[in-house]
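Numbering (my numbering), first residue to last: 114 to 512. Heads up, the beta-carbon is just placed ideally off N, CA and C, and yes, glycines get one too. Here the structure is laid out as structure tokens; the discussion comes afterwards.
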Ligand code: FDA
């Protein structure tokens, strides 16, 4: 009679060798735990590699809990304050990776995002972490003393299991919903996942008017959804709007709602147009508007508002409508580009089911969730990696 092979025993299995998983593995390994980290990809940290245009915006100098979205906004405070942006910068400095601040506290590698991956791989090797790539998660079961897993057909047991499989964004890069499935399997609640930091799209009618603007940017612009407002660049695309201000607001916007766009924030457009009317009455409206907006944008707005004739012919009412169109443009996107291009997934494992200090499931001892799979999502600008580092570090101290 043939016997089942003895399972491979480790203290900790980390599912997903992304930013959060590698961080947790390093910390657990340093504490003397025998750690196995697995990923179905053939390299670890694929999202780190492509992040920040290949330079990885690895953290933000101004990182604070207010830059994170969650149904339970205070949950992230513990991890973010115990392992901060300064702790991660110290790590980067110890590895002599040159970096710079680009804008708004966003820190990027001078060279390549590959340096961050190399740093994490080096620290995993030093902490004796076993990295298994091209490995699938076939089954996960709870046992009395921990967990029994089947990973690419191989039986593995562990005391602690860390789920770091990320969100659904960019399936082409290996994103799957397995983290949510595992959470459900163990009875944890899920806050409905949705695409975040994603370009917004317009209906064909609106695109017909705006498509000549594809490639044009208003910088800075201001975009609001409800009480939330971001002032950064907006870019017109062939499908709708993109650019940092739109990506930021997309995480707050809900389907069916309008966003409000100011294309020349801080400029008194009505005052400017009235002054132009009294000084250059024979000028066309688009010529005066082009002094404060890109020329093509000024032209499309004036045409769309059906304004013709000289400035001298235009009433205050018409100029007020034009000024509102520039700085209080209310537009209802018909959707977003979805997970195909979204930088993050909002929602995820409900943090009310997790311990904020250890990231452990309250009802399943030994089961931890970290990184993007959790219902904590940062703004654009290095915040999401900081959450991955901080939550990974917190779990790494506890397993
Ligand atoms: P992450 O997705 O990194 O890792 C999860 C891992 O699990 C992956 O390696 C995946 O292969 C693996 N996995 C998934 N399903 C599996 C399965 N079924 N079996 C086995 N393995 C599985 N953030 C930021 O702060 N600064 C930035 O510059 C950028 N830039 C950026 C650019 C682009 C194009 C994207 C898409 C995203 C960003 N982000 C970012 C967001 C950032 O990449 C993201 O928040 C973190 O990578 C999340 O880290 P995690 O480790 O949680 O998941």
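Note down, in chain order, each residue of its chain lying with its Cβ closer than 8 Å to the Cβ of residue 476, except the 5 sequence neighbours on either side. 299, 300, 301 and 466
Do the stretch 430–437 and the stretch 256–276 make contact, defined as three or more Cβ pairs closer than 8 Å? no
Under 7 Å from any heavy atom of the ligand FDA, does the C-beta of residue 188 make it? no
Quick one: is residue 152 buried, meaning 16 or more other Cβ sit within 10 Å of its Cβ, or exposed? buried
For residue 483, count the other beta carbons within 10 Å of its own beta carbon; 16 or more makes it buried, fewer makes it exposed. Which is it? buried
Residue 293 CB to nearest heavy atom of the ligand FDA below 7 Å: no
Per the contact definition of three or more C-beta pairs closer than 8 Å, is the stretch 303–317 in contact with the stretch 439–457? yes
Run of the alpha helix (DSSP H) containing residue 503, from where it starts to where it stops: 496–511
With a CB to CB cut of under 8 Å and the five nearest residues on each side skipped, what residues in its chain are close to residue 256? 270
Smallest Cα separation from residue 349: which of 495, 332, 498 and 156? 332
Given 8 Å, three or more beta-carbon pairs between the stretch 354–363 and the stretch 383–396: no
Taking 7 Å as the cut-off, does the CB of residue 128 come closer than this to any heavy atom belonging to the ligand FDA? yes
So, is residue 236 buried or exposed, given that buried needs 16 or more other C-beta atoms within 10 angstroms? buried
Fully enclosed by the stretch 231–278, which beta strand (DSSP E) runs are 3 residues long or longer? 243–245, 250–255, 260–264, 267–271 and 273–276
Which residue spans inside the stretch 295–367 form an unbroken alpha helix (DSSP H) run of at least 4? 317–323 and 357–363
Tell me whether the stretch 224–241 and the stretch 142–161 touch, counting them as touching only if at least three CB pairs, one residue from each stretch, are closer than 8 Å. yes
What residues are listed by DSSP as bridge partners for residue 212? 222
Decide if residue 422 is buried, meaning its Cβ has at least 16 other Cβ atoms within 10 Å, or exposed. exposed
Is the beta carbon of residue 168 closer than 8 Å to that of residue 231? no
Residue 130 to residue 272 span [Cα, whole Å]: 19 Å
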